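**Q** This is the structure, below, for whatever I ask next.
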Amino acid sequence: MCITIIIYIIIYIIIYIIIIYIIIIIIFIIIIIITISISVIYIIIVFIIIIIIIIIIIIIIISISSSSSSIYIIIIIFLSSSSSSSGLCT
1 MCITIIIYII
11 IYIIIYIIII
21 YIIIIIIFII
31 IIIITISISV
41 IYIIIVFIII
51 IIIIIIIIII
61 IISISSSSSS
71 IYIIIIIFLS
81 SSSSSSGLCT
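UniProt numbering puts the first residue of the sequence shown at 1, with every later residue one more than the last.
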């Protein structure tokens, strides 16, 4: 296997782990806000904001994953063709 392809796969996995950690942190912040909030109206407003934030995050993740996966496929094809011609593949 080419080392460059393995490196790009590792970078891709790290990006997804970072996105998952960001989502977990946002969820914890939302839970803290809900526990701190006392009034029912405030809880409803926070819940609506949470739903909007989650929808935005899902849209961003879908757009990032679809665009980056196509970019990674192009990069991997380019690197594998260039590295195989230069002899970097083992």
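We put the beta carbon where it would ideally sit given N, CA and C, even for glycine.
Model, not experiment: these values are computed from the prediction.
In or out: I17 buried (at least 16 other Cβ within 10 Å) or exposed?
**A** With fewer than 16 other Cβ atoms within 10 Å, it is exposed.
**Q** Report, in whole angstroms, the separation of the C-beta atoms of V46 and I56, which I expect to be a contact under 8 Å.
**A** Not confirmed; about 15 Å, so no contact.
**Q** Thinking C-beta only, is I30 closer than 9 Å to I50?
**A** For I50 and I30, yes; Cβs fall inside 9 Å.
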